[in-house]
Amino acid sequence: MIHLIATGGTIAGEADPESGGARYRAGVRPVGALLDAVPGLAPFALSAEQVLALDSKDMTPEDWLTVLAAVRRALANPAVDGTVILHGTDTLEETAYFLQLTLPAGKPVVLTGAMRPADHPQADGPANLLAAVRLAASPEAHGKGVLAVMNATAHAARHLVKARTTGLDAFESAVDWATARPDGRFADLTANTLPRVDILPGYAGAPAGLIDASVAAGARGLVLALAGHGSVPAAWRPALHRARDAGVAILRASRCAGPVIRNANADDDGEGWLTAGSLPPPKARIALMLALACGRPFEAD
Ligand code: SIN
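Last residue of the sequence shown: number 385 in this note's numbering, and the count goes up by one each step with no gaps.
Listed below in structure tokens is the structure:
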């Protein structure tokens, strides 16, 4: 049996009557109605639960923990062979990577969503849902870690990014999903909250006051989404030193694709800074939140 966990998203979206059809609302249609729209699911034994009904821009770290608990419950059921999570596309890669780090290797976990709402005449959700169930039911998906399927293409959570704002081909990943590996380094996570870690963007004239404001608001870590090879603005250094001296973890990442190499563009060892390696800022943030929650050193991969 494949267990479906619905969290909302455009896949469950419907036209917003208040906008005269110009816009839609995500996370409106219940999971039962989504399943009824896919006759190709008939051969599969399925169960389903509606865990959240959100537009994924509103997903919080507490919601990640809610989804994790639902997946753990499902996977612990011997009758369940795999799970499919229906999710908004905007932060799908974040939830996918959070689960990649917190679920043990084993039964398939596949996320999917849609770029067009459920009431669109050419809705992509039904085909994505069918593809996700097929993948979750396939032996090839076992032991691969968390996967996603969009637009007839499978992706590994580690490499998945939403690269385009529109279009059915909005997602991409640099590495073939068939070579994906599980991670699960935080599968023992028991925390029921996660520490605040903020992402601070580097850009021309970015004010250092953002650093002090984050720390004053309770951030225990800062991911710096910097220009180029993680280049730290000189004007940020005093505030970064104050943050570091207050025990806040500082992690150098880049807004560009490609690695931030330790000590290559800054004295990371001397400054006491962490480096993102090839993790993009949102994923580096998740790894840092989990490392802080579990009292373990941050590792980029
Ligand atoms: C969302 O992320 O929930 C809305 C956008 C989408 O699913 O494509």
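The beta-carbon is built from N, C-alpha and C at its ideal position, and this holds for glycine as well.
Bear in mind the structure is a predicted one, so any value in this text is a computation, not a measurement.
In the three-state reduction of the DSSP assignment, Ile345 falls in the coil class. Close CB contacts of Cys340 within its chain, under the 8 Å cut and outside five residues either way in sequence, are with Ala311, Gly312 and His313 (chain order). If you look at Glu355, you'll find it in the alpha helix (DSSP H) that goes Asp352 to Glu355. When distances are taken from the beta-carbon of Asp203 to the heavy atoms of ligand 1, even the shortest one reaches 7 Å or more.
As DSSP reads the structure, Gly92 sits in a beta bridge with Leu138. Checking the 7 Å criterion, the Cβ of Gly197 is within range of a heavy atom belonging to ligand 1. Cβ contact annotation for Glu178 (same chain, cutoff 7 Å, sequence separation greater than five): Pro366 and Ile370, in chain order. Across the set Val155, Ala288, Ile334 and Ala290, the C-alpha of Ile334 shows the shortest separation from the C-alpha of Val299. Taking a contact as a CB-CB distance under 8 Å, the pair Trp320 and Ile295 counts as one, their CB atoms being some 6 Å apart.
Excluding sequence positions up to five before and after Ala180, its CB lies within less than 7 Å of the CB of Leu195, Val230, Ala232, Ala241 and Leu244, all in the same chain and listed in chain order. The C-beta distance from Ala154 to Val168 rounds to 12 Å, too long to meet the 8 Å contact threshold. Short note on Ala110: C-beta closer than 7 Å to some heavy atom of ligand 1.
Shown here, Lys191 sits in coil according to DSSP, grouped into three states, outside any helix or strand. Every beta strand (DSSP E) of 3 residues or more that sits fully in the region 118 to 163 is shown, in chain order, as 130 to 138.
The C-beta distance from Gly305 to Val344 rounds to 16 Å, too long to meet the 8 Å contact threshold.
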